[in-house]
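Protein chains in written order, with the numbering used here: chain A, 19 to 134; chain B, 1261 to 1377. Report on the following structure.
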Amino acid sequence: AQSVTQLDSHVSVSEGTPVLLRCNYSSSYSPSLFWYVQHPNKGLQLLLKYTSAATLVKGINGFEAEFKKSETSFHLTKPSAHMSDAAEYFCVVSQNSGGSNYKLTFGKGTLLTVNP
Amino acid sequence: GAVVSQHPSRVICKSGTSVKIECRSLDFQATTMFWYRQFPKQSLMLMATSNEGSKATYEQGVEKDKFLINHASLTLSTLTVTSAHPEDSSFYICSARDWREGDQPQHFGDGTRLSIL
């Protein structure tokens, strides 16, 4: 079984300041982990992914995340927030559910607010 | 990058109507597509996994006769909400895996906002 816990339901930052969105996971096997972003009334866009290669993963729009096995964490960071970063962010873990089917387990999401 | 097109983006219809939502992979072949439902301010809930040429696999608690899924080709899956009622109002999102990517992320459509009056 696997699970994802996003530790903050809402994070508010000022424009130009760092962003930290926290995520902890639980998985029986070596997981694949992802961060997705969702803007209002839109689907999900992939920010970055970890699939057992480098533990520090760089994604789009200046975001990055570090996989820490000892802490079972995969926190998302960005050095300087932009107004356009305001959105809902989901931490996701992937599990092979049999054959070639991979099910995603979603965290509950973190709403990022960026203040001018 | 891989693009998934979902149509329509918004549907408003009367109770009792059946509604069909299409999910297309535009530039890749998707042997597997997924259908999710999202309630306001909540995360995505997987409804079913759709495999091309075979029956969909539904998650526990999802009525297969209510939510009909057809995956007739490698680029198209459809979700039909039969005899929709107000409680079926929700945001429905599809996703698809590019079979060439192995254990790689799903690519999501932009979702369909379904409102049943």
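From the three backbone atoms N, C-alpha and C, an ideal C-beta is built for every residue, glycine too.
Q | Given Phe92 of chain A as reference, the closest of A:Gln20, A:Thr128, A:Gly34, A:Thr73 once Cα atoms are compared | A | A:Thr73
**Q.** Residues from the segment 1334 to 1366 of chain B in contact with chain A, defined by Cβ distance under 8 Å
**A.** Phe1351, Ile1353, Ser1355, Arg1357, Trp1359, Asp1363, Gln1364, Pro1365, Gln1366
Q) Using CA coordinates, which residue listed in A:Lys60, A:Leu66, A:Ser46 is at the minimum distance from Tyr16 of chain A? A) The structure shown does not extend to residue 16 of chain A, since chain A is modelled only from 19 to 134, so the question has no answer here.
Q: Pull up the CB-CB distance for Pro1365 of chain B and Leu64 of chain A, whole angstroms please, since I reckon it's below 8 Å.
A: 5 Å
**Q.** Residue interval of the beta strand (DSSP E) (run including Arg40 of chain A)
**A.** That residue, Arg40 of chain A, is in no beta strand (DSSP E); it is neither H nor E in DSSP.
Q) So, is the C-beta of Lys87 of chain A closer than 8 Å to a C-beta in chain B? A) No, no contact with chain B.
Q. Considering Ile78 of chain A, what are the terminal residues of the beta strand (DSSP E) in which it resides?
A. From DSSP, Ile78 of chain A is part of no beta strand (DSSP E); its letter is neither H nor E.
(Q) Could you give the first and the last residue of the continuous beta strand (DSSP E) run that contains Tyr54 of chain A? (A) The continuous beta strand (DSSP E) containing Tyr54 of chain A extends over residues 50 to 56.
Q: Please state if the CB of Val1264 of chain B and the CB of Ser1285 of chain B are separated by a distance shorter than 8 Å.
A: yes
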